[in-house]
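**Q** Below are the structure tokens for one structure; questions will follow.
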Amino acid sequence: MLDIQKIRADFPILSQTVNGKPLVYFDNGATSQKPQVVIDAEVKYYQEINANIHRGVHTLSQLATDAYEVSRGKVKEHINAKFAHEVLFTSGTTHGINLVTNGFASILKPDDEVIVSSLEHHSNIVPWQMLCEKTGAVLKVIPINENGELIIEAFDALLSEKTKVVTVNHISNALGIINPIKYIIDKAHSFGAAVLIDGAQAVPHLKPDVQELDCDFYAFSGHKMCGPTGTGILYGKEEWLNKLPPYQGGGEMIKEVTFEKTTYADLPHKFEAGTPNIAGGIVLGTAIDYLNNIGFDNIQEYEHELLEYATKRLSEIEGLRIYGTGKNKASVISFNIDGIHPYDVGSIIDKLGIAVRTGHHCAQPIMNFFCIPGTIRASFSFYNTKEEIDQMVDSVKKAQIMLS
Ligand code: PMP
Numbered sequence: 001m002l003d004i005q006k007i008r009a010d011f012p013i014l015s016q017t018v019n020g021k022p023l024v025y026f027d028n029g030a031t032s033q034k035p036q037v038v039i040d041a042e043v044k045y046y047q048e049i050n051a052n053i054h055r056g057v058h059t060l061s062q063l064a065t066d067a068y069e070v071s072r073g074k075v076k077e078h079i080n081a082k083f084a085h086e087v088l089f090t091s092g093t094t095h096g097i098n099l100v101t102n103g104f105a106s107i108l109k110p111d112d113e114v115i116v117s118s119l120e121h122h123s124n125i126v127p128w129q130m131l132c133e134k135t136g137a138v139l140k141v142i143p144i145n146e147n148g149e150l151i152i153e154a155f156d157a158l159l160s161e162k163t164k165v166v167t168v169n170h171i172s173n174a175l176g177i178i179n180p181i182k183y184i185i186d187k188a189h190s191f192g193a194a195v196l197i198d199g200a201q202a203v204p205h206l207k208p209d210v211q212e213l214d215c216d217f218y219a220f221s222g223h224k225m226c227g228p229t230g231t232g233i234l235y236g237k238e239e240w241l242n243k244l245p246p247y248q249g250g251g252e253m254i255k256e257v258t259f260e261k262t263t264y265a266d267l268p269h270k271f272e273a274g275t276p277n278i279a280g281g282i283v284l285g286t287a288i289d290y291l292n293n294i295g296f297d298n299i300q301e302y303e304h305e306l307l308e309y310a311t312k313r314l315s316e317i318e319g320l321r322i323y324g325t326g327k328n329k330a331s332v333i334s335f336n337i338d339g340i341h342p343y344d345v346g347s348i349i350d351k352l353g354i355a356v357r358t359g360h361h362c363a364q365p366i367m368n369f370f371c372i373p374g375t376i377r378a379s380f381s382f383y384n385t386k387e388e389i390d391q392m393v394d395s396v397k398k399a400q401i402m403l404s
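In structure tokens form, the structure reads like this:
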């Protein structure tokens, strides 16, 4: 059993008031809050070992380099990658996905096919569209049903020898649906296609095992899992990372540069041009340690309780519809109230201290499917409480009365 009050004390921001009310932070899907150990680790880096990495022989540079590589090792262990050099530091999920689509520009041929799903965030749609435009490949889309679940038979039917890449998110940011990615990965592989999983919404809730999943790429952001903004990871299987060309050229990613020919560095440096977010990369390791100390089994169990409770409480409100009613869900609830624009509800409950996200959540195709402009999305973390859910429900009821 988690001691939630003790955990909440780790997060200084949670004791704030907003608009004169205690903050109820339910926008964890957008970014998580940061525990004091993470904030302290960022300060400590700049106070004690700030230097550029992989460059100087001097002591500070060595300390910074060592800390950065220790963090890479932590990520490797956390996601169970086979090698540390399969773990690339990025600025976030968006960066990781673009790195892969850029690489596939030199692999795909006209009429090759790329399969994405209707549940994707724009950052896992637009880069693939750009890739298809560049190469003449064709984008195919897995549809969803009324519960917001992928229609798996439709996915099966889209697969063929033409399929070169399949990409889906592990968990949908807009609806919270957990996708059957193991099935998708295995099935795509049986057609020889590579698979990229967008794990942005999964890593705050679970610990992915990339070897067990057998995915070719797994991208995620640090800021959604208690780490700093501007940090992220792209896991790629060694054979794929060796096959793909570098994403950006610059310092640190080369073996030798002459005007006649440049040779590239070995993994992971081939994909890490320029000075990275050194402090962020190191502190992401601190965030992962923090989450593992709480334990993902505990996190999942507690967040599931929050999800069930919030679903039950919100369902009491007349005229409230929840989107994404599939069975397998993370602690995210997207909803609307009949006849009221989601933005109006969001603005009123913000005045009551409740932070939720309203809008299309960078997933316009899902909103188009349900014929709505957007939803109100409450996304819960392990530091949230049932009392906070009660406050949100009361506030939504007040907003409904004011706006009806
Ligand atoms: N994919 C999903 C499913 C997301 O929820 C997000 C962030 N909302 C992203 C990708 C993009 O992440 P970032 O902005 O950190 O690059």
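With full-length UniProt numbering applied, the sequence shown covers 1 to 404.
Every residue, glycine too, gets a C-beta built ideally from N, C-alpha and C.
1. Mind checking whether I7 and I288 have CB atoms under 8 Å apart?
2. Give a yes or no on whether the C-beta atoms belonging to L403 and I322 are separated by under 8 Å.
3. Can you grab the Cα-Cα spacing for the pair L267 / T275, in whole Å?
4. Helix, strand or coil, according to DSSP, for A363 in the structure here?
5. With C-beta atoms as the reference, is C226 less than 8 Å away from K74?
6. So what's D216 in DSSP terms, helix, strand or just coil?
7. Compute the minimum distance between the beta carbon of Q129 and the heavy atoms of ligand 1, and state whether it is under 7 Å.
8. According to the neighbour-count rule (16 or more other Cβ atoms, all chains shown, within 10 Å of its Cβ), is P110 buried or exposed?
9. Any chance the CB of S123 is under 7 Å from a heavy atom of ligand 3?
10. With distances taken between CB atoms, is the gap from F89 to G374 smaller than 8 Å?
11. With respect to 7 Å, is the separation between the Cβ of D198 and the closest non-hydrogen atom of ligand 1 below this value?
12. Nearest CA to the CA of N145: which residue from L139, E153 and V24?
13. Can the beta-carbon of A193 be found less than 8 Å from the beta-carbon of V166?
14. Quick one: is the Cβ of C362 within less than 7 Å of any heavy atom of ligand 1?
15. Give me the residue from F335, Q364 and P365 with the minimum Cα distance to residue 407.
16. Please name the residue in F271, G232, N242 and Y235 whose C-alpha comes closest to that of residue 471.
17. Is it the case that the Cβ atoms of A399 and V345 are separated by a distance below 8 Å?
18. Give the secondary structure of L131 by DSSP, where H, G and I count as helix, E and B as strand, and everything else as coil.
19. Under three-state DSSP, which class holds G285?
20. Secondary structure at E256, three-state DSSP: helix, strand or coil?
21. Just the C-alpha distance for K243 and A279, rounded to the nearest angstrom, thanks.
22. Note the first and the last residue of the continuous beta strand (DSSP E) segment covering Y235.
23. Determine the direct distance from the alpha carbon of P365 to that of S395, and round the result to whole angstroms.
24. Can you list, in chain order, the residues of its chain with a C-beta nearer than 6 Å to that of I171? Leave out the 5 residues immediately preceding and following it.
25. Use the C-beta contact count for K312: other C-beta atoms within 10 angstroms, 16 or more gives buried, fewer gives exposed.
26. Assign A157 to one of two classes, buried (16 or more other C-beta atoms within 10 Å of its C-beta) or exposed (fewer than that).
27. Quick test of your reading: A67 and I49, contact by CB under 8 Å. State the CB separation rounded to the nearest angstrom.
28. Examine the Cβ distances between the region 377-393 and the region 41-48 and report whether three or more of them are shorter than 8 Å.
29. Given the structure, does A30 come close to ligand 1, in the sense that its CB is under 7 Å from one of the ligand's heavy atoms?
30. Which residue marks the beginning of the alpha helix (DSSP H) containing N298, and which one marks its end?
31. When the cut-off is 8 Å and only beta carbons count, does E113 lie next to chain C?
32. Cβ atoms of I115 and I79: under 8 Å apart, would you say?
**A** Looking at the atomic coordinates:
1. In this structure, I7 sits away from I288, with a CB-CB distance that is not shorter than 8 Å.
2. Not in contact: L403 and I322 (Cβ atoms no closer than 8 Å).
3. Straight-line Cα distance between these residues: approximately 16 Å.
4. A363: coil per DSSP, three-state reduction.
5. Cβ distance not < 8 Å, so C226 and K74 don't count as in contact.
6. Coil, per DSSP.
7. Ligand 1 has no heavy atom closer than 7 Å to the beta-carbon of Q129.
8. Exposed, since its Cβ has fewer than 16 Cβ neighbours within 10 Å.
9. Annotation note on ligand 3: not contained in the displayed structure, which lists ligand 1 as its ligands.
10. No.
11. Yes, since a heavy atom of ligand 1 falls inside the 7 Å radius drawn around the Cβ of D198.
12. When each option's Cα is compared against that of N145, the closest is E153.
13. The Cβ-Cβ distance between A193 and V166 falls below 8 Å.
14. Yes, ligand 1 has a heavy atom inside 7 Å of this Cβ.
15. No answer is possible for residue 407: it lies beyond the span of the chain, which begins at 1 and ends at 404.
16. Because residue 471 is not part of the residues shown, which for the chain are 1 to 404, the question remains open.
17. Yes, they are a contact pair.
18. DSSP places L131 in helix when its eight states are reduced to three.
19. Helix, per DSSP.
20. E256 carries a strand assignment under DSSP once its states are collapsed to helix, strand and coil.
21. Straight-line spacing of the CA atoms in K243 and A279 works out to 29 Å.
22. Start and end: G232 to G236.
23. In this model, S395 and P365 are separated by some 29 Å (Cα to Cα).
24. The residues are I178, Q201, A202 and A330.
25. Classification for K312: exposed.
26. Exposed, because fewer than 16 other Cβ atoms sit within 10 Å of the Cβ of A157.
27. About 6 Å separates the beta carbon of A67 from that of I49, a gap short enough to meet the 8 Å contact definition.
28. These segments do not touch.
29. A30 has its Cβ nearer than 7 Å to a heavy atom of ligand 1.
30. Residues F296 to S315.
31. Absent here is chain C; the protein component of the structure consists of one chain.
32. For I79 and I115, no; Cβs fall outside 8 Å.
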